[in-house]
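S.K.: In my numbering, the protein residues as written are 30 to 203.
See below:
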């Protein structure tokens with residue numbers, strides 16, 4: 030009778046034990062991913078379709094790359110509107126200003142700091158890593174979603190899911 034009671038109590042607690050084990054394993058996996066992202070990364074290259082911009086390229090080349098990516102997000106009717114093109118030109122300039130010869134520092138507390146050669150002071154924001162997706166919200170309230178294509182100790186490759194632009198980062202150690 031005592032054995033039956035023990036088996037019955039274990040059977041009732043099994044879902045709880047399994048739930049705790051699943052939570053712990055998921056938490057451990059997310060913590061490992063965050064640890065691999067934490068650190069200072071230098072932007073090495075930006076690519077869109079066949080366009081590739083490296084650190085020795087000019088700011089104008091980076092603006093042109095963003096213009097091409099932003100232009101392709103418009104539908105046919107929007108592409109004919111001059112105001113839309115003006116907005117694209119302004120946004121491309123902002124993105125280039127933010128990312129030209131830049132570094133990004135991901136912190137353990139989910140904050141990040143971006144430094145660009147063209148910025149007077151670093152910009153910052155918060156990030157959330159969810160599997161292979163990286164969500165970033167800048168201090169300007171701009172929100173971006175990236176797909177992580179590659180991440181290891183020395184290389185981070187992100188793809189902007191909206192613009193389809195790919196960012197290649199390296200650690201300072203390389």
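From the three backbone atoms N, C-alpha and C, an ideal C-beta is built for every residue, glycine too.
Please read these numbers as outputs of a predicted model, since none were measured by experiment.
1) Pick out whichever of 167, 138, 191, 79 has its Cα sitting closest to the Cα of residue 176.
2) Where do the N-terminal and C-terminal ends of the alpha helix (DSSP H) with residue 76 fall, by residue?
3) Report buried or exposed for residue 96, applying the criterion of at least 16 other Cβ atoms within 10 angstroms of its Cβ.
4) Let me make sure I understand the geometry here. Which of 154, 158, 187 has the alpha-carbon closest to that of residue 172?
5) Our contact map puts residue 131 next to residue 143 with C-beta atoms below 8 angstroms; I'd like the distance itself, whole angstroms only.
6) According to DSSP, is residue 166 part of a helix, a strand, or is it coil?
7) With DSSP as the reference, identify every bridge partner of residue 80, one or two as the case may be.
8) Residue 134 bridges to which residues according to DSSP?
9) Along the chain, where does the beta strand (DSSP E) containing residue 115 start, and where does it finish?
M.R.: Judging by the given coordinates:
1) As a working note, residue 176 is residue 147 in the chain shown. Of 167, 138, 191, 79, the residue nearest in Cα terms is 191.
2) Along the chain shown, read from residue 1 onward, the residue named residue 76 stands at position 47. Here residue 76 belongs to no alpha helix (DSSP H); instead the beta strand (DSSP E) covers 68 to 77.
3) As a position in the chain shown, residue 96 is number 67, starting the count at 1. Under this definition residue 96 is a buried residue.
4) Residue 172 sits at position 143 when you count from the first residue of the chain shown. Residue 172 has its Cα closest to that of 154, out of 154, 158, 187.
5) Position 102 of the chain shown holds residue 131. Position 114 of the chain shown holds residue 143. The Cβ separation is near 6 angstroms, so the contact holds.
6) Along the chain shown, one-based indexing puts residue 166 at 137. Residue 166 falls in the strand class under three-state DSSP.
7) On the chain shown, position 51 is the one that residue 80 refers to. Beta-bridge pairing links residue 80 to 77.
8) Position 105 of the chain shown, counted from the first residue, corresponds to residue 134. In DSSP, residue 134 forms a bridge with 69, 142.
9) Taking the chain shown and counting its residues from 1, the one referred to as residue 115 is at position 86. Residue 115 -> not in any beta strand (DSSP E); alpha helix (DSSP H) instead, spanning 111 to 128.
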